[in-house]
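Worksheet: the structure to be examined is printed underneath.
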Amino acid sequence: MSMECGVFHTRYESDMGLRPRPAQRIRLAVLALFVLVFPFVASTYWLDLANQVAIATVGAIGLNILVGYTGQISLGQGAFMAIGAYTAGLLTLNFGVPWGASVFCACILTAVAGTFFGLPSLRLKGLYLAIATLAAQEIVEWAMTHWTTVTGGTEAIVVPAPRLFGLRLNTTFNFYWLAVLTAAGTALFAANLFRSRIGRAFEAVRDQDIAASVIGVDVFRTKLLAFATSSFFVGLAGAMIAFYRNIVTWERFTLNTSIVYLAMIIVGGLGSIRGSFLGAALITLLPALITNLGRAIQDTAPQAASLLPYAQQAVFGIVIILFLIFEPRGLSKLWENVKDYFHVWPFAYRRGESRAN
Amino acid sequence: MDIFLQLTVSGLSTGMIYALAAAGFVVIYKASDVINFAQGDLLLLGTYLIFFAVAQTGLPWSLGVLVTVLLAVAVALAIERLVLRPLVGEPIISMIMVTIGLSSVLRGAINAIWGPNPRAFESFLPAGDLVIGPAVLSAARVLSIPIALAVLAGLGLFFRYTRDGIAMRAIADDQQAALSMGISIPRVFGVAWGLAAASAAIGGIMLGNIVGVSPNVAAIGLRVFPVVILGGLDSIKGAVVGGAIIGLLEVYVGFYVGHGLNLVVPYLVLIMVLMVRPYGLFGKEIIERV
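Chains as they are written, first to last, in my numbering: chain V, 21 to 377; chain C, 110 to 399.
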């Protein structure tokens with residue numbers, strides 16, 4: 021957290037506050053107002069997209085805890101989401117467990133599975149860990165499609181709709197509130213996690229694991245804890261998908277899912293909660309925007325419109341590449357730049373020096 | 110016994126295509142420490158370029174092969190210059206993601222140009238069957254094995270004897286020392302990508318002949334990981350041996366065990382190798398304790 025000029029704290033409480041400055045509170049209030057009003061004005065289509073963004077935010081924050089904050093590269097996001105989704109779905113479907121309880125069980129089980137897959141991090145680093153998680157992803161994918169007695173194989177399993185006080189929760193409108201609350205809760209938890217001893221230990225392991233162990237961080241334990249915490253939220257995202265969509269199919273949890281989530285946190289910003297949200301929003305909305313663009317030009321240029329599915333794929337890759345080359349710290353950093361610019365506006369220092377800190 | 114022989118030939122020929130893709134991966138990793146997730150897409154590019162050259166343009170196959178390899182090399186050089194060069198020295202996660210992004214761009218572009226449907230061209234590898242004793246073997250598959258071995262041997266010789274090959278080994282050994290000896294790193298990175306693309310293009314040409322041209326070819330890119338981890342990330346010899354082992358394992362398991370286990374067995378091998386011997390069969394043993 022950077023010190024800003026012109027901000028003076030007179031009490032420790034305000035110094036330690038998550039959002040100490042009035043401008044931050046106003047922005048938060050504006051955001052909250054938008055979130056409250058949005059479902060009443062938006063169409064079902066946009067509401068559905070908002071729900072997807074909220075779910076993706078939970079998953080992206082989970083992945084960011086592991087990759088961005090602890091520096092352990094994982095290509096197994098899809099597999100963990102699958103474990104969450106299948107656990108939640110199957111518990112409710114086969115054993116009639118109430119949806120809340122089965123979501124919780126899904127989170128715990130995913131955390132356990134994540135810890136297990138984190139065990140190689142005892143020996144493996146960086147690239148090797150990435151490849152090990154790639155293998156884990158492939159193995160889980162295979163289990164999903166071939167362990168037919170449990171997962172139903174390539175057939176989708178249909179999950180009973182969650183109900184609360186007789187209300188069906190997975191209509192787009194009702195689910196919106198659940199999803200937004202969950203996403204906000206996850207963000208709050210993660211933001212506070214990295215102000216705590218455990219979160220700081222995660223970051224120490226990422227920056228220099230040897231130095232971390234010298235100052236008394238149990239590196240292996242910390243890594244496993246990071247895998248567990250991360251997978252807990254990833255499992256939560258998976259379980260949310262299961263209940264929102266009513267069905268669980270393996271296609272939603274392939275290696276491609278892992279890649280999409282990695283793209284979210286790269287584009288949003290590694291090691292940033294705000295970035296997880298921004299990245300989740302951009303990567304989720306991008307295909308929708310391109311599809312809409314396609315509909316718009318359908319009449320004038322049908323040729324170009326037919327190419328759009330491939331354009332979607334190519335644009336996805338181009339966005340990743342451009343961010344890595346031009347702004348490796350992602351949307352989160354761009355947003356900070358904008359904020360910093362207006363922080364001293366209109367009395368900025370000379371161009372190019374306003375960021376000297 | 111004849112079934113066993115057929116399986117072996119089929120496994121070896123698949124394995125050699127894996128080896129060609131893996132060799133490109135190894136060359137890039139050795140020279141620039143980049144883990145190339147787009148290797149499968151270079152293979153895909155090879156199959157579509159040969160389709161373009163032979164079926165769409167109507168070149169004779171010898172010229173077609175030449176054009177395919179040259180075009181693939183040109184694409185790879187452009188990729189290296191435009192995408193990889195600005196990221197030299199970035200953390201591993203950036204390197205992984207940038208090649209994943211590349212793979213997405215390549216696949217999107219190839220699908221946009223040639224469409225998603227499988228295509229076919231007249232195979233120029235001999236199409237008939239070879240009868241050896243009791244076994245009936247596809248001649249194209251049998252022939253692909255020595256071709257791949259020759260290309261891989263060429264790569265090995267390149268590393269051993271040519272100036273660029275030695276420069277590449279020097280960089281792999283110690284980048285700073287290599288720089289101070291006057292080796293141009295950008296040039297070597299370019300050569301590495303060019304070679305990787307050429308070897309993948311030849312793999313792609315053979316695949317195009319044996320199984321036809323379709324977007325599914327890119328899936329082989331993921332098979333490269335078990336191969337290189339088993340063989341050792343920085344060893345061409347490892348890529349050949351690893352490719353053969355993984356290729357054979359897949360067909361044997363697929364036939365004798367079944368249940369689709371052949372899809373997952375390479376990854377089980379991968380995990381085991383990582384646990385026991387992370388540097389693989391022939392890789393350089395770098396002791397790095399976590």
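In this text, a Cβ means the ideal position worked out from N, Cα and C, and glycines have one as well.
Show which residues of chain V have a CB atom less than 7 Å away from the CB atom of residue i.
i	result
serine 344/C	Neighbours of serine 344/C on chain V: none; closest Cβ ~16 Å, over 7 Å.
arginine 216/C	Gln333
serine 203/C	Leu344, Pro348
isoleucine 144/C	Leu147
isoleucine 338/C	Ile151
valine 373/C	Glu158, Ile159, Trp162
Find out if the Cβ-Cβ distance for the pair residue i, residue j is shorter than 8 Å.
i	j	result
alanine 130/C	alanine 309/C	yes
threonine 123/C	glutamate 394/C	no
valine 335/V	leucine 354/V	no
alanine 91/C	alanine 132/C	The structure shown has nothing for residue 91/C, since chain C only spans 110 to 399.
glycine 82/V	lysine 243/V	no
valine 374/C	arginine 250/C	no
proline 324/C	leucine 379/C	no
methionine 381/C	alanine 257/C	no
tyrosine 157/C	arginine 332/C	no
valine 163/C	glycine 173/C	yes
tyrosine 138/C	aspartate 343/C	yes
valine 268/V	alanine 163/V	no
Please look up how many angstroms separate the CB atoms of residue i and residue j, rounded, as I've assumed it's under 8 Å.
i	j	result
cysteine 127/V	leucine 256/V	5 Å
alanine 353/C	leucine 121/C	6 Å
isoleucine 103/V	leucine 142/V	No, isoleucine 103/V and leucine 142/V are not in contact; Cβ-Cβ is about 21 Å, not under 8 Å.
leucine 86/V	serine 233/V	The Cβ separation is near 19 Å, so there is no contact.
threonine 192/V	asparagine 312/V	Incorrect: roughly 18 Å between the Cβ atoms, too far for contact.
isoleucine 201/C	glycine 146/V	5 Å
isoleucine 286/V	methionine 206/C	5 Å
glycine 330/C	glutamine 148/C	5 Å
alanine 300/V	methionine 284/V	5 Å
valine 260/C	phenylalanine 160/C	In fact, because the Cβ distance is near 20 Å, the residues do not count as touching under 8 Å.
Which bits of chain C does residue i rub up against, with CB to CB less than 9 Å?
i	result
glutamate 223/V	The contacting residues do not exist; glutamate 223/V stays about 15 Å from chain C at best.
isoleucine 293/V	Under the 9 Å cutoff, chain C gives no residues; its nearest Cβ is about 18 Å from isoleucine 293/V.
Identify the contact partners of residue i in chain V, using a Cβ-Cβ distance below 9 Å as the criterion.
i	result
glutamate 199/C	Leu344, Pro348
proline 195/C	Leu344, Ile345, Phe346
tyrosine 376/C	Leu154, Ala155, Ala156, Gln157, Glu158, Ile159, Trp162
With DSSP as the reference, please indicate the residues paired to residue i in a beta bridge.
i	result
serine 247/C	Asp238/C
leucine 184/V	Leu187/V
arginine 228/C	Val322/C
isoleucine 46/V	Answer is none; isoleucine 46/V lacks a bridge partner.
valine 268/V	Ile177/V
So which of the options has the shortest CA-CA distance to residue i?
i	options	result
glycine 341/C	Phe134/C, Leu116/C, Phe113/C	Phe134/C
alanine 99/V	Gln318/V, Ile267/V, Ala155/V, Leu69/V	Ala155/V
leucine 189/V	Asn266/V, Gly172/V, Ser292/V, Arg241/V	Asn266/V
arginine 272/V	Phe58/V, Tyr106/V, Pro40/V, Val78/V	Tyr106/V
leucine 198/V	Asn212/V, Pro182/V, Phe137/V, Leu213/V	Pro182/V
serine 103/C	Phe54/V, Phe214/V, Gly289/V	One cannot answer for residue 103/C here, as it falls past the ends of chain C, which runs 110 to 399.
valine 73/V	Gln333/V, Ser326/V, Gly295/V	Gly295/V
threonine 177/C	Leu377/C, Glu199/C, Arg296/C, Ile314/C	Ile314/C
lysine 346/C	Leu266/C, Leu193/C, Asp150/C	Leu266/C
asparagine 318/C	Gly392/C, Ser247/C, Leu191/C, Leu258/C	Ser247/C
glutamate 189/C	Gly321/C, Ala305/C, Phe233/C, Pro387/C	Ala305/C
isoleucine 294/C	Arg386/C, Arg194/C, Leu168/C, Gly155/C	Arg194/C
threonine 77/V	Ile159/V, Met260/V, Thr165/V, Trp66/V	Met260/V
alanine 112/C	Val240/C, Glu231/C, Val192/C, His368/C	Note on identity: in this sequence residue 112/C is isoleucine, with alanine being the wrong assignment. The residue with the shortest Cα to Cα distance from isoleucine 112/C is Val240/C.
leucine 344/V	Val192/C, Asp142/C, Trp223/C, Ala140/C	Val192/C
glutamine 332/V	Ser141/C, Ser213/C, Gly198/C	Ser213/C
tyrosine 65/V	Arg226/V, Ser94/V, Tyr196/V, Ser216/V	Tyr196/V
isoleucine 159/V	Leu302/V, Gly236/V, Val55/V, Gln97/V	Gln97/V
valine 184/C	Gly167/C, Trp170/C, Pro169/C, Ile219/C	Ile219/C
List the residues of chain C whose Cβ lies closer than 8 Å to the Cβ of residue i, in chain order.
i	result
alanine 152/V	Leu379, Ile380, Leu383
isoleucine 341/V	Val192, Val207, Gly210, Leu211, Val214
valine 358/V	What valine 358/V touches in chain C: nothing, since even the nearest Cβ is about 23 Å away.
valine 87/V	Ile202
Please compile the residues from chain V whose C-beta is within a distance smaller than 8 Å of the C-beta of residue i.
i	result
phenylalanine 334/C	Ile151, Leu154, Ala155
glycine 369/C	Trp162, Thr165, His166
leucine 390/C	Ordered by position in chain V, no residue passes the 8 Å Cβ test against leucine 390/C, which lies about 15 Å from the chain.
alanine 140/C	Under the 8 Å cutoff, chain V gives no residues; its nearest Cβ is about 15 Å from alanine 140/C.
alanine 221/C	Leu327, Tyr330, Ala331, Ala334
Consider the Cβ of residue i: report whether some Cβ of chain A lies at a distance smaller than 8 Å.
i	result
phenylalanine 336/V	This model lacks chain A altogether, as its protein chains are V and C.
Below 7 Å on C-beta distance, what does residue i contact in chain C?
i	result
leucine 282/V	Met206
valine 117/V	Within 7 Å Cβ-Cβ: nothing; valine 117/V doesn't reach chain C, min ~30 Å.
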